[in-house]
Amino acid sequence: MDFRLSEDQAQLREAARAFARAELPGIARACEATAEPPSHDLVRRYAEMGFLGVNIPEAYGGLGLGNLEALLIVEEFAKISSAVAFPIFESCVGPVKAIEHFGSETLKRRVVPAVCRGEMVVAIAMSEPDAGSALTDLKTRAVIRGDRVVLNGMKRWCSGGGHADGYLIYCRMSEDEGARGIGAVFVEKGSPGVTFGPQESLMGFRGVPSSDIFLDDAEVPRDNIVVPAGGFKKLMEAFDLERCGNATMALGQASGALEDVLAYVQERRQFGKPIVDFQAVQLRLAEMQMKVEAARLLIHRVACNSELGLPSILDSSVAKCFANEIAREVTGSAVQMMGAYGYSKEFGMERRMRDAWGWGIAGGAIDIQKVNIASAMVGRRFDQRR
Numbered sequence: 036m037d038f039r040l041s042e043d044q045a046q047l048r049e050a051a052r053a054f055a056r057a058e059l060p061g062i063a064r065a066c067e068a069t070a071e072p073p074s075h076d077l078v079r080r081y082a083e084m085g086f087l088g089v090n091i092p093e094a095y096g097g098l099g100l101g102n103l104e105a106l107l108i109v110e111e112f113a114k115i116s117s118a119v120a121f122p123i124f125e126s127c128v129g130p131v132k133a134i135e136h137f138g139s140e141t142l143k144r145r146v147v148p149a150v151c152r153g154e155m156v157v158a159i160a161m162s163e164p165d166a167g168s169a170l171t172d173l174k175t176r177a178v179i180r181g182d183r184v185v186l187n188g189m190k191r192w193c194s195g196g197g198h199a200d201g202y203l204i205y206c207r208m209s210e211d212e213g214a215r216g217i218g219a220v221f222v223e224k225g226s227p228g229v230t231f232g233p234q235e236s237l238m239g240f241r242g243v244p245s246s247d248i249f250l251d252d253a254e255v256p257r258d259n260i261v262v263p264a265g266g267f268k269k270l271m272e273a274f275d276l277e278r279c280g281n282a283t284m285a286l287g288q289a290s291g292a293l294e295d296v297l298a299y300v301q302e303r304r305q306f307g308k309p310i311v312d313f314q315a316v317q318l319r320l321a322e323m324q325m326k327v328e329a330a331r332l333l334i335h336r337v338a339c340n341s342e343l344g345l346p347s348i349l350d351s352s353v354a355k356c357f358a359n360e361i362a363r364e365v366t367g368s369a370v371q372m373m374g375a376y377g378y379s380k381e382f383g384m385e386r387r388m389r390d391a392w393g394w395g396i397a398g399g400a401i402d403i404q405k406v407n408i409a410s411a412m413v414g415r416r417f418d419q420r421r
């Protein structure tokens, strides 16, 4: 078992790091100030640089590399900000992977290469006002009428809502109760009957748009069905990879905070010496380093173990839960160590802390991951309704 990156992987990570550090800090600050996402021009530039669809097969316009390579890039961009990393996250571990795995060949040819070229952003729409952690309570319906699918319902907390070009809509596609009736349909932004609510104002995630989606007799071709009724298990298998992306976005907040605060404590002087010379600072730095390294190893384990398919719910939930928790702890410690500078919006550390809290809610809250872990350990699902 070799924990070292290959030469090609190390070079890929360094290329992503160099680009992100040189090109993106100013854009990240603008996204934070305006709550606007990165421009389509920047997303196309990502594509030109080879940062989109890293783990998408070459036949569909990707680089044909593995999940680990994709997550290496996601982390380097997430160190700058969640907003500038989000298009890469969506192209490598988001709903486009569900389309790649389960969509028809014509749908895959229409959507996946466009994502890899930076011409299309695809978001996932799962949650509803009364269906978040209890996802199988969702009410949005899709009815097949000839060669069309008609959808009615409402989606909430869609990251990318109103901005993305297409949405993987989780919906009820039969009269069967619970998970048995759930499937997913790809719906393009301009489809008839699709409208959006105002942009949410969140504690963090500024520059990652979020809004309600309203589906009022929204019509799309029947070929846009990605998974029919009864395919909920497939959808969640694909979502396990998105959990790894979520974990990596959280890790990026922590590892970026650690790099920044490490530089700060060596430059900041109090009582006549750099504050890194104080043992209390040294101990906290060591604790932060241990947490970041442990989270990274858990995520990389999932990526390596899933190269021949999709990750297990146990591995992905462990990685996500741990990364979510340590991201909050590490960024909080960094804010404290930087004092007023950490608390100031001018220096960006408080943004990392706010975003870290968001990743522990998005994509399945921390406590839900713990339920998933326990379920996998004992080999059965726990019915939360009884």
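Residue numbers (the working numbering): 36 to 421.
Each residue gets a CB set at the ideal place from its N, CA and C atoms; glycine is no exception.
Quick caveat: nothing in here was measured; it's all calculated off a predicted structure.
Check: Around the C-beta of A47, are 16 or more other C-beta atoms found within 10 angstroms, so that it is buried, or is it exposed?; Outcome: Checking the sequence, you will find Leu at residue 47 rather than Ala. The residue in question, L47, is buried, as its Cβ has 16 or more Cβ neighbours within 10 Å.
Check: Please report the distance separating the alpha-carbon of G377 from that of A113.; Outcome: 18 Å
Check: Taking only three categories from DSSP, how would you classify F249?; Outcome: strand
Check: Cα separation between G266 and G218?; Outcome: 6 Å
Check: Anyone know if the C-beta pair for D275 and L170 falls short of 7 Å?; Outcome: no
Check: Pick helix, strand or coil for K174, following the three-state DSSP scheme.; Outcome: coil
Check: Would I408 and S352 qualify as a contact pair, given that the criterion is a beta-carbon distance under 7 Å?; Outcome: yes
Check: Return the residue from the list A53, G61, P60 that minimises the CA-CA distance to M84.; Outcome: A53
Check: Taking the CB atoms as reference points, tell me whether D98 and V89 lie closer together than 7 Å.; Outcome: First, the residue type needs correcting, since residue 98 is Leu and not Asp in the sequence shown. Closer than 7 Å, so yes.
Check: Do A118 and G242 have their C-beta atoms within less than 7 Å of each other?; Outcome: yes
Check: Which residue wins for smallest C-alpha separation from R79, given the options S126, V178, R331?; Outcome: S126
Check: Can you give me the start and stop residues for the alpha helix (DSSP H) that R144 sits inside?; Outcome: 140-151
Check: Would you say F137 and K268 are within 7 Å of each other, going by their C-beta atoms?; Outcome: no
Check: Can you tell which of Q44, L333, P164, V146 has the C-alpha that lies nearest to the C-alpha of F249?; Outcome: P164
Check: Mind checking which residues open and close the alpha helix (DSSP H) that includes Y95?; Outcome: Segment: none, Y95 is in no alpha helix (DSSP H) and carries neither H nor E.
Check: Where does the unbroken alpha helix (DSSP H) through A158 begin, and where does it stop?; Outcome: Looking at the DSSP string, A158 is not in any alpha helix (DSSP H); the run it does join, the beta strand (DSSP E), is 157-160.
Check: How far does the beta strand (DSSP E) with L293 in it extend, from its first residue to its last?; Outcome: Note, L293: premise wrong, no beta strand (DSSP E); alpha helix (DSSP H) at 267-302.
Check: Contact defined as beta carbons within less than 8 Å: I believe A289 pairs with V365. What is the distance between those atoms, to the nearest angstrom?; Outcome: 4 Å
Check: Take N340 and list the residues in its own chain whose beta-carbon comes closer than 8 Å to its own, dropping the five residues that flank it on each side.; Outcome: P346, S347, D350
Check: Just checking P263 against the ligand GTP - is the residue's beta carbon closer than 6 Å to any of the ligand's heavy atoms?; Outcome: The model on display carries no ligand, and the ligand GTP is accordingly not part of it.
Check: Got a sec, what are the start and stop residues for the beta strand (DSSP E) F306 sits in?; Outcome: F306 -> no beta strand (DSSP E), and no H or E assigned at all.
Check: When the Cα atoms are used, what is the spatial distance from V255 to E223?; Outcome: 8 Å
Check: According to DSSP, simplified to helix, strand and coil, what is L100?; Outcome: coil
Check: Is Q404 buried or exposed, if buried means 16 or more other CB atoms sit within 10 Å of its CB?; Outcome: buried
Check: Would you check if the segment 128-135 and the segment 182-193 touch, i.e. whether three or more CB-CB distances between them fall below 8 Å?; Outcome: no
Check: Where does D247 land, buried or exposed, given buried means 16+ other C-beta within 10 angstroms?; Outcome: buried
Check: If you run the structure through DSSP and keep just helix, strand and coil, what is M36?; Outcome: coil
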